[in-house]
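Engineer: Protein chains in written order, with this note's numbering: chain A, 60 to 385; chain B, 479 to 730; chain C, 7 to 240.
C-beta: ideal position from N, C-alpha, C; glycine also.
Take a look at the following structure, please.
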Amino acid sequence: MRVGIALISLLLVTLFSGCSEEEGIYVVKLSPPDMVEQLKLKQIDGFVAWEPFVTKGEEYGKILLKSSDIWRRHPCCVVAYSENFADEDALKAVVWAHVKATEFIKDGKNREKVIEYASEFTGLEKSVVERALKNIDFTTYPDEGEFRVYFEKLEEYGLLTRDLKRLGYEGEDDFFSDFLRRDLIDAKLRPAKPKEKIRIGYLTADLHQLALYVAIKEGYLDEVGMKYELKQYKNGVAVMEAFKAGEIDVAYLGGAPATLKRVNDDVRIKIIAGVNNEGSAIVVREGINSFEDLRGKTIAIPGFGTVQDFLLRIAAEEHGMKVISK
Amino acid sequence: MRLKILAIVTLILFWYFAVLLGFLMLPLPHQVAERFLILLLTPEPVLGKNLLQHSISSLIRVVSGSTVAFIIAVPLGILMGWRASIDTFLSTVVEVFRPIPPLAWIPLAYILFAGFTNPVQLAQIFLVFLGAFFPCLLSTREFARATDRNLIEMARAFGAGDASILREIVIPSSIPGILSGIRIGLGIGWMTIVAAEMLATSGSGVGYFVMVMYEVGGRLEEIISGMAMIGLIGYLMNEIVLIAERRLLRWR
Amino acid sequence: MLEISVSKSFNGFEVIEEISFRVKPGEFICIVGESGCGKTTLLRMIAGLESYEGKITFEGVRKIGFVFQDDRLLPWKTALENVLFPIKAVRKTDDRDIEHAKRILRLVGLQGFEDRYPKELSGGMRQRVGLARAIAVQPDILLMDEPFASLDELTRERMQEELIELWGRDRKAVIFVTHSIDEAVFLATRIIVLTPRPSKIAGEVEVDLERPRDRTSEKFNFYKKQVLHFLRMK
């Protein structure tokens, strides 16, 4: 019976160690389409996702906070490549096509076409994507100062487990000068014809990454003679896993998972272009009116270590709450 | 006893050597041990819970799923061992489902429980049920079938009815089978829940913990600690049933 | 008390051609015959464990006790619990039953061993538990199937003496199957001798000896010869 006493006291210890925590926000992991479904079914109290699922989610709830409210002008998606991929011309070609596509999107003359492409790319109705597009700030390179905040916050929240020195860098500056490559953006010349086929990864139905789709539809990639293969992933962490496994050469993904896995798993990638700023939001059901109301509630995120997870943690920290997995 | 300690020490030394000589890209044992203790009691940053809390989540599922499984499997097993007609009928039904590994049921389980509150939890408990049910059923049935017919005959000679015979002879005779069925069922239920948690899109538990630690990256100490916890719990469950076996089967 | 007239075939193979006899209250019947003659089958028919053609009628028999050749004790029950088993099988037991069972165990010489499990008892002791079990239920007829066959000779003789002593107290009807002539003459008031298969009754011997019986006396020998005479018949 000594065994019984030991077990019971162990149980009590755990329960108490759990209870003594301040309540926080409970998170569950879902894919964005599932998030919308679950919000509709009232199985979750809200979610954090990228456009167009924010606008779609408004049909069943409302926007509590836009990502720009949490962190103004925060960089979101970037284009990165694996250091194992050596063909510089191919990289130049990708960046060139991307920049051109981004300019196409921002040009008001192309509005009709952009909406059409967006609808095709995400599979949602034009009315939805039209509103969603307004929330996204398409860009060609992230602001370095803002990007560094990813690194600092990740470290602060205890998500980073490796020292930069262990990765071979002297410090933050050293790291970022290596991690962020500006040369391909600044050299906006039309590149030479690339030799190899390139494998491009991106996130399913992520409106932030519309530039990729435009580049394909408007023929920019063909124009530079780029042979490519596309691969879809469910979130940025999955993209980093694909880099690790050598499945892709270039990808569109969020800045947070890129930094997180670059440091934690030493996945050798570098960032060569920016894709967008902002464009995410916390969508909640009726009845929740302030961030405080989220205490003890359940919010869905696309994955741990994603930009959305990150934004939620920042907001939670500002309101003195913790993020706890359900 | 000394040999057992020697074996464990050898394993740990092997681990040290393998890492220090560069064969294994793993953290060292004492690093893992340190992280294990920290994880046990303090909440881990990404998921916000400590290892004991994760373990309890998993344990709740295993215990509830297994309990339901055993409550159904044991009486059925006894009945199947008792009457050939019941055995033939139920065996056929069972054999349709038994070969399907519990994890293969994952998609169907999620669909079946989609309408309920907390579908993920229910689906996972269901998977544990599937894992624990069949071994217990078969083990119970084996021993029930093997009940000494001479003893049953003796009871009949004294005018005992079916109920008495089942209660006083078949069931006690089957207890070794029931207990080993429970032991194996718990083991498989535990393996199932860990795997199910790893494959789940959301949830909690030790399996989930290990998976998320992998996704977020660079957390080998956490991953190994999680695995150690999983192994420890599996081991303890086994031991507990063995102790029960020894107590109940003193007449052997 | 008991009237029996039966025959039996196994798969078209005739074991018992025709056996008829009566048992009166207070009789100690021994059924003797060589191996395979169906004497055990006969006993099992009476206990309701074997089918038969013919008739078996009981009069004034509500309970039957059976002692098997292999003790058939429940290994997970103590000696006391085993003795209580037949009683428990038909009704709830109470403290009186427990006292009764303890008394019976004392009678068979197992006082102090009530809480032992069968694995902790010797062969002879287990047989005695089996005997106690059959007696405890206070049967109107006691059926015994070569219960001492697996014991060594000394223990066997002692068990026979104890059995007779027990029987002497209330003189229940006993049907005792054996292939030992010595045993039959020592125990029985009447011996029924069977022919080999397919069996019939070869003859009956009324044993008129005072108890306790002297195995070496001339009269004892006389009865043995009578039994032998019938045994040699076809």
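Determine the extent of the alpha helix (DSSP H) in which A/Q97 is found, giving its start and end residues.
Structural biologist: Unbroken alpha helix (DSSP H) run through A/Q97: 91-99.
Engineer: Residues of the region 652-665 of chain B with a CB closer than 7 Å to any CB of chain D: list them in chain order, please.
Structural biologist: Among the protein chains of the structure shown, namely A, B and C, there is no chain D.
Engineer: Using the three-state DSSP reduction, which class does A/V188 fall into: helix, strand or coil?
Structural biologist: Reduced to three states, the DSSP call for A/V188 is helix.
Engineer: Name the two residues that bound the continuous beta strand (DSSP E) containing A/F238.
Structural biologist: Not the beta strand (DSSP E): A/F238 falls in the alpha helix (DSSP H), residues 231-238.
Engineer: State the start and end residues of the unbroken alpha helix (DSSP H) segment that holds B/G665.
Structural biologist: 649-677
Engineer: What residue ranges within the region 239-271 of chain A form continuous beta strand (DSSP E) runs of no fewer than 3 residues, ordered along the chain?
Structural biologist: 257-262
Engineer: If you reduce the DSSP assignment to three classes, tell me which class C/R28 lands in.
Structural biologist: Under the three-state reduction of DSSP output, C/R28 falls in the strand class.
Engineer: Counting only C-beta atoms, is B/E646 closer than 9 Å to chain C at any point?
Structural biologist: Interface annotation, B/E646: in contact with chain C, CB-CB separation under 9 Å.
Engineer: Are B/I660 and B/S544 closer than 9 Å when you measure CB to CB?
Structural biologist: yes
Engineer: So is C/M239 buried or exposed if we call it buried at 16+ other beta carbons inside 10 Å?
Structural biologist: exposed
Engineer: What's the C-alpha gap between B/W729 and B/G637?
Structural biologist: 25 Å
Engineer: If we require 3 or more residues per run, which beta strand (DSSP E) segments fall completely within the region 282-355 of chain A?
Structural biologist: Within the region 282-355 of chain A, the complete beta strand (DSSP E) segments at least 3 residues long are 287-292, 309-313, 328-333, 339-343, listed from N- to C-terminus.
Engineer: Based on the DSSP secondary-structure assignment, which residues constitute the bridge partners of A/Y85?
Structural biologist: A/T357, A/I383
Engineer: Got a sec, what are the start and stop residues for the alpha helix (DSSP H) C/C43 sits in?
Structural biologist: From DSSP, C/C43 is part of no alpha helix (DSSP H); its letter is neither H nor E.
Engineer: For the alpha helix (DSSP H) that A/Y228 lies in, which residues bound it at each end?
Structural biologist: Counting along the chain, A/Y228 falls outside any alpha helix (DSSP H), and DSSP gives it neither H nor E.
Engineer: Please work out which residues of its chain come closer than 7 Å, Cβ to Cβ, to B/L525, disregarding the five sequence neighbours upstream and downstream, and give them in chain order.
Structural biologist: F687, V690
Engineer: Taking its Cβ as the centre, do 16 or more other Cβ atoms sit within 10 Å of A/Q291, making it buried, or is it exposed?
Structural biologist: exposed
Engineer: I want to verify the contact list: residues of chain C whose CB lies under 7 Å from the CB of B/E717, in sequence order.
Structural biologist: The contacting residues do not exist; B/E717 stays about 23 Å from chain C at best.
Engineer: Output the boundary residues of the beta strand (DSSP E) element that contains A/Y140.
Structural biologist: 136-141
Engineer: Have a look at the DSSP bridge pairing and note the partners of A/G105.
Structural biologist: A/V343, A/I358
Engineer: Indicate whether at least one CB of chain A lies closer than 9 Å to the CB of B/E693.
Structural biologist: Under the Cβ distance rule, B/E693 counts among the residues neighbouring chain A, one pair being separated by less than 9 Å.
Engineer: Does the distance from the CB of C/V211 to the CB of C/V233 come in under 9 Å?
Structural biologist: yes
Engineer: Does the Cβ-Cβ distance between C/K61 and C/V12 come in under 9 Å?
Structural biologist: Yes, the pair counts as a contact, with Cβ atoms nearer than the cut-off.
Engineer: Check each residue of the region 70-100 of chain C: if its Cβ is closer than 8 Å to any Cβ of chain B, include it; give the result in chain order.
Structural biologist: Taking 8 Å as the Cβ-Cβ cut-off against chain B, the residues of the region 70-100 of chain C that qualify are I70, G71, F72, F74, D76, R78, L80, P81, W82, K83, F91, P92, K94, A95, V96.
Engineer: For B/A635, would you say it is in contact with chain C, using Cβ-to-Cβ distances shorter than 9 Å as the test?
Structural biologist: At least one chain C Cβ lies under 9 Å of B/A635.
Engineer: From this set, A/A310, A/S127, A/A264, which residue's C-alpha is nearest A/I373's C-alpha?
Structural biologist: A/S127
Engineer: Could you check the C-alpha separation between C/R97 and B/N528 for me, to the nearest Å?
Structural biologist: C-alpha of C/R97 to C-alpha of B/N528: approximately 56 Å in a straight line.
Engineer: Once DSSP output is grouped into helix, strand and coil, what is the label at C/D176?
Structural biologist: Under the three-state reduction of DSSP output, C/D176 falls in the helix class.
Engineer: Where DSSP assigns a beta bridge to C/C36, which residues make up the other side?
Structural biologist: The partner list for C/C36 (beta bridge, DSSP) reads C/F182, C/I197.
Engineer: Does the structure place the region 42-56 of chain C close enough to the region 149-158 of chain C that three or more beta carbon pairs sit under 8 Å?
Structural biologist: These segments touch.
Engineer: Could you tell me which of C/F192, C/R203, C/Q144 sits nearest to C/D214, measuring between CA atoms?
Structural biologist: C/F192
Engineer: Any idea if C/R112 is buried or exposed, counting beta-carbon neighbours within 10 angstroms, 16 or more meaning buried?
Structural biologist: A residue is called buried once 16 or more other Cβ atoms fall within 10 Å of its Cβ, and C/R112, having fewer, is exposed.
Engineer: Please report the Cβ distance between B/I671 and B/R539, rounded to the nearest whole angstrom; I am assuming they are in contact, meaning their Cβ atoms lie under 8 Å.
Structural biologist: 5 Å
Engineer: Where does C/I70 sit, in a helix, a strand or coil, going by DSSP?
Structural biologist: strand
Engineer: Per DSSP, which residues does C/K14 bridge with? Please list them.
Structural biologist: C/I22
Engineer: Assuming contact is defined by CB atoms lying nearer than 9 Å, are C/D77 and C/R162 in contact in what I supplied?
Structural biologist: no
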